[in-house]
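A.B. asks: Take a look at the following structure, please.
4 protein chains.
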Amino acid sequence: MINIAQFGAGFIGQVHAKNLSEHPSVNFARVYDADPARAQAAAEKFGTTAAATIEEILGDTSIDAVLIASSTNTHADLLKAAARAGKAVFLEKPIDLSYEVAQDAAAVAKEAGVPVMIDLNRRFDASNEAIREAVLSGEIGDVELIELSSRGPSLPPIEYLKVSGGQMRDQNVHFFDLMCWITGLEPVSVSAMGSALVDPQVAGVGDVDTSVAILKLSNGALCQIDAQRRIGYGYDERIEVNGSKSMVEAGRQRTGWVNRYSKDQISTNGMHAGWFERIEPTYRAALDAFVDALEKGEAPSPSLEDGLRAQRIAEAATEALTTGKAVQL
Amino acid sequence: MINIAQFGAGFIGQVHAKNLSEHPSVNFARVYDADPARAQAAAEKFGTTAAATIEEILGDTSIDAVLIASSTNTHADLLKAAARAGKAVFLEKPIDLSYEVAQDAAAVAKEAGVPVMIDLNRRFDASNEAIREAVLSGEIGDVELIELSSRGPSLPPIEYLKVSGGQMRDQNVHFFDLMCWITGLEPVSVSAMGSALVDPQVAGVGDVDTSVAILKLSNGALCQIDAQRRIGYGYDERIEVNGSKSMVEAGRQRTGWVNRYSKDQISTNGMHAGWFERIEPTYRAALDAFVDALEKGEAPSPSLEDGLRAQRIAEAATEALTTGKAVQL
Amino acid sequence: MINIAQFGAGFIGQVHAKNLSEHPSVNFARVYDADPARAQAAAEKFGTTAAATIEEILGDTSIDAVLIASSTNTHADLLKAAARAGKAVFLEKPIDLSYEVAQDAAAVAKEAGVPVMIDLNRRFDASNEAIREAVLSGEIGDVELIELSSRGPSLPPIEYLKVSGGQMRDQNVHFFDLMCWITGLEPVSVSAMGSALVDPQVAGVGDVDTSVAILKLSNGALCQIDAQRRIGYGYDERIEVNGSKSMVEAGRQRTGWVNRYSKDQISTNGMHAGWFERIEPTYRAALDAFVDALEKGEAPSPSLEDGLRAQRIAEAATEALTTGKAVQL
Amino acid sequence: MINIAQFGAGFIGQVHAKNLSEHPSVNFARVYDADPARAQAAAEKFGTTAAATIEEILGDTSIDAVLIASSTNTHADLLKAAARAGKAVFLEKPIDLSYEVAQDAAAVAKEAGVPVMIDLNRRFDASNEAIREAVLSGEIGDVELIELSSRGPSLPPIEYLKVSGGQMRDQNVHFFDLMCWITGLEPVSVSAMGSALVDPQVAGVGDVDTSVAILKLSNGALCQIDAQRRIGYGYDERIEVNGSKSMVEAGRQRTGWVNRYSKDQISTNGMHAGWFERIEPTYRAALDAFVDALEKGEAPSPSLEDGLRAQRIAEAATEALTTGKAVQL
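Chains as they are written, first to last, in the working numbering: chain A, 5 to 333; chain B, 5 to 333; chain C, 5 to 333; chain D, 5 to 333.
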C-alpha cells in the first residue's frame with residue numbers, strides 16, 4: 005500500500021482522484037487545492053481528507069508520493085518542494101511553460117534523487133503501445149515515415165490560449181513525445197507551418213489553431229504531425245508508422261459497432277466526442293505504471309528527461325513556425 | 005440505498021458480487037453459497053459478510069432484494085422462497101431447465117407480487133439497444149428478415165452439456181429473446197437443423213454443437229439463428245435486421261484498432277477471446293436497470309414473462325431439431 | 005479462333021454478344037433471335053450477321069459452338085438440337101424449369117458427347133473463387149457452417165414470377181450450386197421457410213419473396229441461405245464459410261472508396277444498385293473458361309451435371325418450403 | 005469520329021494506343037515511334053498503321069489531333085510542332101522538365117490557339133472526383149487541411165532518377181495539381197524535407213526518395229504531401245480534405261473483398277501492386293474527356309495552364325527541399 009496525496013482538484017484532478025480512490029495498492033491520503041472548498045468537495049467525493057496547506061502534505065512522513073495535478077504555473081515549484089521533501093512525484097505535463105524553468109526544476113528533482121514520472125499518458129494507450137512494440141521489434145523494418153494526427157473538436161477559450169504557450173507547446177508536445185517513444189529515434193531538425201483559421205482572436209494572441217510540423221529523425225526518417233484545434237467530426241487521433249518492410253497504424257476509433265445500410269450509403273458510429281472520451285483509460289494505466297514502479301523500486305517512465313525532451317522539441321517547433329526555416333535540434 | 009444479498013459465488017456469482025460491491029446505490033448485504041468457504045472468500049473479496057443459511061437472508065427484513073446466481077437447479081426453489089419472503093428478485097437465466105417447473109415457479113412469484121427481473125443481459129448491450137431503437141422507431145421500415153449469430157470459442161465440458169438442456173435451451177435462449185425484443189414481434193413457427201461436429205460425445209449426450217434455427221414471426225418476417233459451440237476465431241455474435249427500407253446491423257467487434265499493412269494483406273485485431281470478454285459490460289448495465297426499477301417503483305425488465313417466452317421457444321426449437329418438422333408456437 | 009454463334013439477343017443476350025465480339029479467340033459467327041429485327045440490331049451492334057433460322061446456324065459446319073441465351077423455355081430444345089448437330093454448347097441456366105425435361109435434355113447432350121457448359125457464372129466471381137480455394141486447400145479446417153445471402157433490390161414483375169418456377173428454382177439455384185462448389189460437399193437434406201412480404205400478388209402466384217433454406221451437407225456441416233427479392237439498400241450477396249480452424253468470407257462490396265466523417269457518423273459508398281452491376285465481370289470470365297476449355301480439348305465446367313444437381317436441390321427445397329418438413333436428397 | 009495519331013509506343017504509349025483503338029468515337033489514324041520496329045508492332049497490335057516520320061502525321065490534314073506519349077525530352081518540341089500544324093494535342097505530363105522550356109512551349113501552343121490537354125489523369129479517378137465535388141459544393145465547409153499520400157512499391161532505376169528532375173517534379177507534381185483542383189485554392193508558400201533512405205545512390209544523383217512537403221493555401225489552409233518511392237505494402241495513394249464542418253476522404257483501396265477471421269486477427273486483401281494497377285482506369289477516362297471536349301468544341305481540361313501551375317509549384321518545392329526554408333509562390 006502506497007500513501008499518495010494529490011495537489012489540484014480541478015477537472016483533471018478529479019480524474020486522478022477517482023483513480024487514486026479505486027486503486028487497490030493506493031491509500032489516497034490527502035487532497036489539496038488552492039480553493040479549500042474544492043479540496044473539501046473532492047475529499048468527500050473520493051473518500052479522503054482535505055489538506056489545508058501544502059506543507060501539511062509535504063511535512064507528513066507517512067506520505068510516500070504526491071500527484072501534482074494543479075494549474076501549470078504551480079508545477080515547477082511543487083515538483084521542487086516535493087522532491088526536496090523526499091516524495092515520489094507523479095506530475096501532470098508540462099513541467100513548466102518556460103523551458104528554462106522546467107530545466108531548473110528537473111535539475112532540483114534529479115539532485116533530490118526521488119522517483120518522478122511525467123504524465124505523458126498517451127504512451128499508455130493500447131494502440132500506441134502495440135505499434136511501438138511492432139516498430140521496436142523490427143516487424144516493419146527500418147522506420148522511414150511516421151505520421152501523427154491530433155485533431156480536437158473545439159477551440160479552447162482564448163484566455164486559455166493566451167497562457168498555453170502556443171499550439172506546439174500545448175497540443176503537439178504529446179506527439180513529439182510519441183514520435184520519439186514509438187520509433188526509438190531522436191529528431192535532428194524541425195519545420196512548421198500554421199494558420200489561425202477558426203477564430204481571428206487566435207492570431208491576436210500570437211497563436212495558430214491549425215498546423216503541420218515536419219521533423220527529420222536521426223536515421224533520416226521523416227515525421228509529420230498535423231494538429232487542428234477544431235474539426236467538425238469529433239476527436240481524431242491517428243498514427244501511422246511506415247517502415248521499409250510494412251506499415252502499422254493506430255487507426256481511427258469508432259465509438260460503436262452499429263452499421264446502417266441504406267440506398268447508396270453505408271454508415272457507422274462516428275468518432276469520440278472529445279479527447280477525454282478517447283484517452284480516458286490511459287489515466288488509470290499511467291497511475292498503474294507509477295505505482296508499479298514504486299512498488300518494484302524501479303525508475304518510473306516517462307521520466308523527467310522524456311518530459312524535457314518533448315518540451316525542447318516544442319521550443320524548436322515554435323521557432324520554426326515563426327521563422328519559416330528548419331530549426332536544428 | 006438498496007440492501008441486496010446474493011445467492012451463489014461461483015464464476016458468474018463473482019461477476020455479480022463485484023458489481024454489487026461497486027454500485028453507488030447498493031448496500032451488498034450478504035452472500036450465501038452452498039460451499040461456506042466459497043461464500044466466505046467472496047464476502048472478504050467484495051466487502052460483505054457470508055450468510056450461513058438461506059434463511060439468514062430470507063428472514064432478514066432489512067434485505068430488500070436478492071440476486072440469484074447459484075446453480076441452475078436451485079433457481080426455481082430460491083425464486084419461490086424469495087418471492088414468498090417478499091424480496092425483489094434478480095434471477096440469472098434460466099428459471100429452470102424444465103419449462104413446467106419454470107412456469108410453476110413464475111406463477112408463485114407472480115402471485116407474491118414481488119418485482120422480478122430475469123438476467124437476459126444481452127438486452128443491455130449498447131449495439132443491441134441501438135438496433136432495437138432503429139427497428140422500433142420505424143427507421144428501417146417493416147422488419148422482413150433478422151439474422152443472429154452466436155458462435156463460441158470452445159465446447160463446454162460434456163458433463164455440463166449433459167445437464168444443460170441442449171443447445172436450443174442453453175445457448176439459443178438468449179437469441180430467441182433478442183429476436184422478440186428487438187423486433188417487437190412474436191414467433192409463430194420454428195424449424196431447426198443441427199449436428200455434433202466438434203466431438204462425437206456431444207451426440208452421445210443427445211445434443212448438437214452446430215445448429216441453424218429458422219422462425220417465422222407474426223408479421224411473416226423470417227428469423228435465422230446460427231449457433232456454434234466452437235469456432236476457431238474467438239467469440240462472434242452478430243445481428244442483422246433487414247427492413248423494407250434499410251438494414252441495421254450490430255456488427256462484429258474487433259478488440260482493438262491496430263491495422264497492419266503488408267504485401268497483399270491488411271490485417272487488424274481479431275475478435276474477443278470468449279463470450280465473457282464480449283458481453284461483460286452488460287452485467288453491470290443489467291444491475292443498473294434492476295436497481296433503477298426498484299428505486300422508481302417500476303416493474304423491472306426483462307420480466308419473468310420474457311424469460312418464460314424465451315424458454316417456450318427453446319422448447320419448440322428443440323422439438324423441431326429432433327423431428328425435422330416445423331413446430332407451431 | 006473459335007467460331008461461335010448465339011441464340012437470343014435480349015438483355016443477357018446482349019451481354020454475351022458484347023463479350024463474344026470482344027474476345028480475342030472468338031469469331032462471333034452469327035446471331036439468331038425469334039424476333040428478326042432484334043437479331044439484326046444485335047448483329048450490327050456487335051459486328052456479326054443475323055441468322056434467319058436456327059438451322060442456318062446448326063447446319064453450318066464452320067460453326068464450332070453455340071451460346072444459348074434465348075428464353076428459358078427454348079433452352080432444352082436448343083440444347084438437344086445443338087448437341088445432335090455436334091456443336092459445343094454454352095448454356096444459360098436453367099436447362100429447363102421442369103427437372104424432368106432438364107434431365108432428358110441433359111441425357112441427349114451427354115449421348116451426343118459434345119462439350120456443354122452451364123453458365124453458373126457466380127463461380128467466376130473473384131471473391132467466390134478465393135474462398136473456395138481457401139476451403140479446398142484446408143486453410144479453414146473442416147467446413148462446419150456456410151452462410152449465403154442473396155438479396156436483390158426489387159421484385160421482378162409478377163408476370164415473370166408466374167413462370168419462374170418459384171424463388172428456390174429461380175433465385176436460390178445459383179447458391180445451391182455455390183454451396184456444393186465451394187465446399188466440395190453434397191447436401192443430404194433441406195428445410196425451408198418463406199413469406200410473401202413485398203407484394204400480396206407474390207403469394208397469389210404461389211411464390212414467396214423472402215425465404216430461408218437450411219441444408220445439411222454430407223459431413224454434417226450446415227448451410228443457411230437467405231434470399232430476399234427486394235431489400236432497401238441495393239444488391240447484397242455475401243458468403244461466409246466457417247471451418248474448424250478459421251472463417252473466410254466473400255464480404256459485402258462497396259461501390260467506391262469515399263469516406264465521409266461527420267459528427268457522430270462515418271459513412272462510405274453503398275452497395276451496388278443491382279445484381280448485374282455486381283456480377284457483370286463474371287459473364288466475361290465464364291466465356292473465357294468456355295473458350296479455354298474448347299481450345300485445350302478439356303471438358304468445360306460448370307458441367308451439365310452441375311446444373312442438374314443445383315436444379316435437383318431446388319426441387320427438394322421447393323417441396324420443403326411447401327410442406328414445412330425436412331426433405332431428404 | 006475524330007482522327008487521332010499518336011507519338012510514342014513505349015509502356016504508357018501502349019496504354020494510350022489500346023484506349024484509342026477501343027474508343028467508339030476515335031479513328032486511330034497512325035502511330036509513330038523513334039524506333040520504327042516498335043511503331044510497327046504497336047500498329048499491328050492496335051489496328052492502325054505506323055508512320056515513318058513525324059511529318060507524315062503533322063502534314064496529314066485528315067488528322068485532327070495527336071496524343072503525345074513519347075519520351076519527356078521530346079514533349080515540348082512535339083507540342084510546338086503539332087500546335088503549329090493546327091492539331092489538337094493530348095500531352096503526357098510534364099510539358100518539359102525545364103520550367104522555362106515548358107513555359108515557352110506552352111506560349112507557342114497558346115498562340116496557335118489549338119486545344120491542348122495535359123494528362124493529369126488522377127483528376128479522373130472516381131474517388132478524387134467525388135471528394136472534389138464534396139469540397140466545392142460546400143459540404144465540408146471551408147477547407148482547413150488537405151493531406152495527400154503518394155507511396156509507390158519500388159524505387160525507379162537510378163538512370164531514370166538522374167533525368168527525372170527529382171521527386172518534387174517527377175512524383176509530387178500530380179499531387180500539387182490535385183491539391184489545387186480539389187480545393188479550388190492556390191498555394192502561397194511551400195516548405196519541404198526529404199531523405200534518401202532506400203538507396204544511397206539516390207542521394208548521389210541529388211535526389212530524395214522519401215519526402216514531406218507542406219503548403220499554405222490562399223485562404224490560410226494547410227496542405228501536407230508525403231511521398232515515398234518505395235514502401236513495403238504495395239501502392240498507397242490517399243487523400244483527406246478536412247473542412248470546418250466535416251471531413252471527406254479518398255480512402256485506401258483494397259484489391260478485393262475476401263475477409264479472413266482467425267485467432268486474434270482479421271485480414272483482408274491488400275493494396276494494389278503498383279500505381280498502374282491503381283490508376284489504370286483514369287487513362288481511359290482522360291481520353292474520354294479529351295474526345296468529348298473536341299466533339300463539343302470546348303477547351304479540354306486539365307489545361308496547359310494547369311500543367312504549368314503544377315510544375316511551378318514543383319520548382320518552388322524543390323528549392324524548399326534544398327534550402328530548408330519556406331519558399332513563396
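By construction, the Cβ of each residue, glycine as well, lies at the ideal position given by its N, Cα and C atoms.
(1) Since C:V245 and C:V177 should fall inside the 8 Å C-beta cutoff, what is the C-beta to C-beta distance between them, to a whole number of angstroms?
(2) How many Å lie between B:A69 and A:R264 at the Cα?
(3) Hey, out of A:L101, A:V331, A:K49, A:V202, whose CA is closest to A:H20's CA?
(4) Using 8 Å as the limit for Cβ to Cβ distance, is C:V252 near chain D?
(5) B:P191 by DSSP, collapsed to three states: which one?
(6) Could you give the first and the last residue of the continuous beta strand (DSSP E) run that contains A:L152?
(7) Rounded to a whole number of angstroms, what is the C-alpha to C-alpha distance between C:A330 and B:D203?
(8) Which parts of the region 37-85 of chain C are runs of the alpha helix (DSSP H), unbroken and 4 residues or longer, counting only runs that do not cross its ends?
(9) Can you give me the start and stop residues for the beta strand (DSSP E) that D:I8 sits inside?
(10) Start and end of the alpha helix (DSSP H) containing B:S25?
(11) Quick check: is the beta carbon of B:D230 nearer than 8 Å to any beta carbon in chain D?
(12) Identify whether B:E241 lies in helix, strand or coil by the three-state DSSP scheme.
(13) With distances taken from CA atoms, which of C:T57, C:H27, C:G14, C:G247 is nearest C:R34?
(14) Note down, in chain order, every chain D residue with its Cβ under 9 Å from the Cβ of A:K166.
(15) Quick one: is C:N23 buried, meaning 16 or more other Cβ sit within 10 Å of its Cβ, or exposed?
(16) Does the CB of A:I270 have a neighbour CB from chain C at under 8 Å?
(17) Between the region 103-117 of chain C and the region 126-144 of chain C, do three or more beta carbon pairs fall short of 8 Å?
(18) Are three or more beta carbon pairs between the region 58-77 of chain B and the region 5-14 of chain B nearer than 8 Å?
(19) If you measure from the beta carbon of A:Y103 to each beta carbon in chain B, is any gap under 8 Å?
(20) From which residue to which residue does the beta strand (DSSP E) around A:Q175 run?
(21) Can you confirm whether the region 255-273 of chain A touches the region 266-274 of chain C when touching is taken to mean that 3 or more C-beta pairs between the two stretches lie within less than 8 Å?
(22) Just confirm the distance between the C-beta atoms of D:I218 and D:S195, as a whole number of angstroms; I'd bet it's less than 8 Å.
(23) Going straight from the alpha carbon of C:K91 to that of C:R173, what length do you get?
(24) For a cutoff of 8 Å on Cβ pairs, would you count D:E261 as touching chain C?
(25) What's the C-alpha gap between A:I135 and C:E241?
(26) Which one or two residues does DSSP pair with D:G328 in a beta bridge?
(27) Report the CB separation of C:P119 from C:A303 in whole angstroms; it is logged as a contact under 8 Å.
(28) Could you have a look at D:E253 and say whether DSSP puts it in helix, strand or coil?
(29) Judging by CA-CA distance, which residue of B:Q171, B:G224, B:I229, B:A46 is the nearest neighbour of B:A207?
(30) What does the alpha-carbon distance come out to for the pair A:I99 and D:A318?
(31) Looking at chain B, is there any beta carbon in it that lies within less than 8 Å of the beta carbon of D:G236?
(32) What's the gap between the Cα of C:P191 and the Cα of C:M197?
(33) Mark A:T327 as exposed unless 16 or more other C-beta atoms lie within 10 angstroms of its C-beta, in which case mark it buried.
(34) Just to confirm the assignment, what range does the beta strand (DSSP E) spanning A:D230 have?
(35) Is C:S168 near C:D230, with beta carbons less than 8 Å apart?
(36) Determine the burial state of B:D123: buried for a count of at least 16 other Cβ atoms within 10 Å of its Cβ, exposed for fewer.
C.D. replies: Per the coordinate set shown:
(1) Translated into the one-based positions of the third sequence, residue 245 of chain C becomes position 241. Translated into the one-based positions of the third sequence, residue 177 of chain C becomes position 173. At roughly 19 Å, the Cβ-Cβ gap does not stay under 8 Å, so C:V245 and C:V177 are not in contact.
(2) For this step, residue 69 of chain B is matched to residue 65 along the second sequence. For this step, residue 264 of chain A is matched to residue 260 along the first sequence. Rounded to whole angstroms, the gap between the alpha carbons of B:A69 and A:R264 is 40 Å.
(3) What you label residue 20 of chain A is simply residue 16 of the first sequence in a count that begins at 1. With distances taken between Cα atoms, A:H20 lies closest to A:K49.
(4) Within the third sequence, numbered from 1, the residue matching residue 252 of chain C stands at position 248. With 8 Å as the cut-off, C:V252 counts as an interface residue toward chain D.
(5) The count along the second sequence starts at 1 and reaches residue 191 of chain B at position 187. The answer is strand: DSSP assigns B:P191 an E or B state.
(6) As a position in the first sequence, residue 152 of chain A is number 148, starting the count at 1. Start and end: 147-155.
(7) Position 326 of the third sequence holds residue 330 of chain C. Position 199 of the second sequence holds residue 203 of chain B. Rounded to the nearest angstrom, the gap between the Cα atoms of C:A330 and B:D203 is 24 Å.
(8) Listed in chain order, the complete alpha helix (DSSP H) runs (minimum 4 residues) inside the region 37-85 of chain C are 40-49, 58-62.
(9) Start at 1 with the first residue of the fourth sequence, and residue 8 of chain D comes out as number 4. It spans 6-11 - the beta strand (DSSP E) in which D:I8 sits, taken as one unbroken run.
(10) Taking the first residue of the second sequence as 1, we reach residue 25 of chain B at position 21. Here the alpha helix (DSSP H) through B:S25 covers 15-26.
(11) Counting from one through the second sequence, the residue named residue 230 of chain B turns up at place 226. Chain D contact via Cβ: absent.
(12) Within the second sequence, numbered from 1, the residue matching residue 241 of chain B stands at position 237. Residue state, collapsed to three classes: strand.
(13) As a working mapping, residue 34 of chain C is identified with position 30 in the third sequence. A check of alpha carbon separations from C:R34 across C:T57, C:H27, C:G14, C:G247 identifies C:T57 as the nearest.
(14) By 1-based counting over the first sequence, the position of residue 166 of chain A is 162. A:K166 does not reach chain D, its nearest Cβ partner there being about 21 Å away, counting only Cβ pairs nearer than 9 Å.
(15) As a first step, residue 23 of chain C is located in the third sequence; it is residue number 19 there, counting from the start. Buried, since its Cβ has 16 or more Cβ neighbours within 10 Å.
(16) Counting from 1 along the first sequence, the entry for residue 270 of chain A is found at position 266. Closer than 8 Å to some Cβ of chain C, the Cβ of A:I270 qualifies, so yes.
(17) No, they do not touch.
(18) With the cut-off at 8 Å, the region 58-77 of chain B and the region 5-14 of chain B touch.
(19) Stepping through the first sequence from its first residue, residue 103 of chain A is reached at position 99. Taking Cβ atoms only, chain B never reaches closer than 8 Å to A:Y103, which makes this a no.
(20) As a first step, residue 175 of chain A must be located in the first sequence, where it is residue number 171. No beta strand (DSSP E) contains A:Q175, which DSSP labels as neither H nor E.
(21) The region 266-274 of chain C is in contact with the region 255-273 of chain A.
(22) For the purposes of this step, residue 218 of chain D is identified with residue 214 of the fourth sequence, where counting begins at 1. For the purposes of this step, residue 195 of chain D is identified with residue 191 of the fourth sequence, where counting begins at 1. About 5 Å; that satisfies the 8 Å criterion.
(23) Taking the first residue of the third sequence as 1, we reach residue 91 of chain C at position 87. Taking the first residue of the third sequence as 1, we reach residue 173 of chain C at position 169. C-alpha separation (whole angstroms): 27 Å.
(24) For the purposes of this step, residue 261 of chain D is identified with residue 257 of the fourth sequence, where counting begins at 1. Note on residue identity: the sequence assigns Trp, not Glu, to residue 261 of chain D. Interface residue, yes.
(25) As a working note, residue 135 of chain A is residue 131 in the first sequence. As a working note, residue 241 of chain C is residue 237 in the third sequence. Straight-line spacing of the CA atoms in A:I135 and C:E241 works out to 35 Å.
(26) Numbered from 1 along the fourth sequence, position 324 holds the residue referred to as residue 328 of chain D. Per DSSP, none; premise fails for D:G328.
(27) In the third sequence, the residue the question calls residue 119 of chain C occupies position 115. In the third sequence, the residue the question calls residue 303 of chain C occupies position 299. Confirmed, Cβ separation roughly 6 Å.
(28) Translated into positions along the fourth sequence, residue 253 of chain D becomes position 249. Correct three-state label for D:E253: strand.
(29) Counting from one through the second sequence, the residue named residue 207 of chain B turns up at place 203. Taking only the C-alpha atoms, the option nearest B:A207 is B:Q171.
(30) For the purposes of this step, residue 99 of chain A is taken as residue 95 along the first sequence, with counting starting at 1. For the purposes of this step, residue 318 of chain D is taken as residue 314 along the fourth sequence, with counting starting at 1. Pairing A:I99 with D:A318, the inter-Cα distance amounts to about 42 Å.
(31) Position 232 of the fourth sequence holds residue 236 of chain D. Interface flag for D:G236 against chain B is set, since a Cβ pair is found closer than 8 Å.
(32) Within the third sequence, the letter at position 187 stands for residue 191 of chain C. Within the third sequence, the letter at position 193 stands for residue 197 of chain C. Answer to the nearest angstrom: the Cα atoms are 17 Å apart.
(33) One-based indexing of the first sequence puts residue 327 of chain A at position 323. Counting other Cβ atoms within 10 Å of its Cβ, A:T327 stays below 16 and is therefore classed as exposed.
(34) In the first sequence, counting from the first residue as 1, residue 230 of chain A sits at position 226. Taken as a continuous stretch (DSSP letters only), the beta strand (DSSP E) holding A:D230 covers 226-232.
(35) Position 164 of the third sequence, counted from the start, is the residue given in the question as residue 168 of chain C. Position 226 of the third sequence, counted from the start, is the residue given in the question as residue 230 of chain C. Cβ atoms of C:S168 and C:D230: not closer than 8 Å.
(36) Your numbering for residue 123 of chain B matches position 119 in the second sequence. Its Cβ being crowded by 16 or more others within 10 Å, B:D123 is buried.
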